[in-house]
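Residue numbers (the working numbering): 33 to 325.
Structure, as structure tokens:
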Amino acid sequence: MKQGHVIVSFRSECLVTTSTGEMLRCTTRRRTGRAVCGDSVDCSGLAGQHVIDTIHPRRNTLVRTDYRGRHKPLAANLDQLLIVCAGEPSPDARLVDRYLVLAASMGLRPLLAMNKSDLDATRLPEPLQEASRQQHCQVLHVSASTGDGLDILTRYLAGNRTLLVGQSGVGKSSLINALVPDRQARTQAISEASGQGRHTTTETTLYPLPSGGELVDSPGVRILRLGHLSRQEIESGFSEIARQAEDCEFRDCEHDDEPGCAVRPAVEQGLIHPERLKGFHELLRERHQAAGQ
Ligand SMILES: Nc1nc2c(ncn2[C@@H]2O[C@H](COP(=O)(O)OP(=O)(O)OP(=O)(O)O)[C@@H](O)[C@H]2O)c(=O)[nH]1
Ligand SMILES: [Zn+2]
């Protein structure tokens, strides 16, 4: 029996890195179910024919929800969420709010990397600054091109398994290339070991980092549907609203036009950023829509 963790998972097969550094191609049994990237597993077998016997219980699971509301697990056992932004394309505060909700609902420590610092000393737009402050999200300025700030980022990544997210064009691939020097060789090794032909970048993949920790790249999480989250999980990504909501007259107050709402006055007094309340409302609407499906 060998122990290891899944670095990439295909339909009924996955690649496992063992504690001794071997890369094994494993099939899954129907009984154990599908293993996903980050799963901790026990496997057994001989000469290239390995099978996963046990998938250890997951601490948390990243799921993709399709347009019909069906869930598919993509990755497991994550510690941190690295939200990558840049001056260009300009940050989408609403999307960052969603990432922060994802982090809070999964119990992940959020980090925000402002990439392309070589182009301009980009200040975070105000709603983003506020969101980061409220969610205790550390903000780092980096450049994948010049390597600026990557030493500090590396320290935050060490010892943690970090999922990388961000809108298209902010430099996620460039950052992975800068942080994982053997990425190309690894990708090739994965293609060969998997026997799946070219390893496409559509699969969720785990990369070990030279100075410790691991990066998880999951293109599948680009469309982030969060309609399946509970109200409490949504609130966990809007701490300042959740705190204020304790003083609302109704427990299920949606901070719209209900009497006795404590959140709207707080927005009017400048205690809560109006964009944050908009972000919260957007997710509540999505939740109602998902429930009505
Ligand atoms: N000046 C500068 N350009 C960068 C930096 N990082 C990435 N870029 C450029 O930004 C563009 C997008 O980078 P990618 O790494 O492909 O971005 P991505 O987030 O992976 O994009 P998707 O694959 O579409 O999600 C490329 O033209 C990069 O060369 C940086 O630190 N500085
Ligand atoms: Zn209210």
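Each residue gets a CB set at the ideal place from its N, CA and C atoms; glycine is no exception.
Is any heavy atom of ligand 2 found at a distance shorter than 7 Å from the C-beta of residue i?
i	result
residue 314	no
residue 117	no
residue 290	yes
residue 295	yes
residue 4	The structure shown does not extend to residue 4, since the chain is modelled only from 33 to 325, so the question has no answer here.
residue 280	yes
residue 277	yes
Within this structure, are the beta carbons of residue i and residue j separated by less than 8 Å?
i	j	result
residue 203	residue 221	no
residue 266	residue 309	no
residue 65	residue 87	yes
residue 298	residue 264	no
residue 286	residue 315	no
residue 57	residue 45	yes
residue 189	residue 145	no
residue 215	residue 208	yes
residue 157	residue 123	yes
Residue i: which of the options sits nearest, CA to CA?
i	options	result
residue 106	225, 99, 95	95
residue 61	50, 74, 53, 52	74
residue 37	227, 85, 301, 43	85
residue 98	276, 252, 263, 137	252
residue 257	59, 67, 101	101
residue 111	136, 128, 122, 103	136
residue 180	206, 190, 311	206
residue 211	243, 314, 67	243
residue 262	141, 116, 323	323
residue 260	108, 150, 320, 115	320
residue 35	72, 43, 59	72
residue 307	108, 162, 238	162
residue 81	145, 159, 237, 48	48
residue 197	284, 237, 53, 149	237
Would you grab the beta carbon distance between residue i and residue j for me? Rounded to a whole angstrom, and I think it's under 8 Å.
i	j	result
residue 171	residue 164	5 Å
residue 193	residue 235	So it is not a contact: roughly 17 Å between Cβ atoms.
residue 55	residue 225	5 Å
residue 241	residue 114	In fact, because the Cβ distance is near 12 Å, the residues do not count as touching under 8 Å.
residue 79	residue 41	Contact doesn't hold; Cβ gap of about 22 Å is too wide.
residue 119	residue 152	5 Å
(request) Give me every residue whose Cβ sits closer than 6 Å to any heavy atom of ligand 1, in chain order. (result) Around ligand 1, the residues selected by a Cβ distance under 6 Å to any of its heavy atoms are 147, 148, 150, 151, 175, 176, 177, 198, 200, 201, 202, 203, 204, 205, 206, following chain order.
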